[in-house]
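Peer 1: Letter 44 of the sequence shown, counting from 1, is numbered 28 in this note's numbering, and no numbers are missing.
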Amino acid sequence: MALIYCPDCGKEVSESANTCPNCAYPINRLYGNLISKQNNQLVIAGYIIVFMSLFIFPVLLMISGIVIGIINISKNAVGHGIVQIILSVVCGLVGAFIGILSTLL
Ligand SMILES: [Zn+2]
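#1: Spatial neighbours of Cys4 within its chain, please: CB distance less than 7 Å, with the 5 preceding and 5 following residues excluded, ordered by chain position.
#2: Check whether the Cβ atoms of Val74 and Asn56 sit closer than 8 Å, and answer yes or no.
#3: To the nearest whole angstrom, what separates the beta carbons of Gln68 and Gly53, a pair I think is in contact under 8 Å?
#4: Evaluate Ile84 with the Cβ neighbour count: other Cβ atoms within 10 Å of its Cβ, from every protein chain shown; 16 or more gives buried, anything less gives exposed.
#5: Around the C-beta of Ala(-14), are 16 or more other C-beta atoms found within 10 angstroms, so that it is buried, or is it exposed?
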């Protein structure tokens, strides 16, 4: 159980506490916001990787996109995760197809 510093009064508080015992600042809400913010970044990263797979390293980025999709599902971003897995496969295949075409032409 880690200790964090209360952003309001600066006292050490257990991160599992609901509120700061000193000033009643809602610690849990702050910590939850932090997690969901990190999760948002992962969702955005997933879409960027899926998009990039159309242009470079389609197979590699397709696998990365699927992995990030699975991670997002495990972190409760189920909708984004499923969309990313489907988009990864579609974009990866399209990207690979474009890559094969461009080497043939
Ligand atoms: Zn406090």
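We treat Cβ as the ideally placed atom computed from N, Cα and C, and that holds for glycine.
Peer 2: On the basis of the data shown:
#1: Correct list, in chain order: Cys(-10), Asp(-8), Cys(-7), Lys(-5), Val(-3) and Ile11.
#2: no
#3: Sure, about 4 Å apart at Cβ, within 8 Å.
#4: exposed
#5: Ala(-14) comes out exposed.
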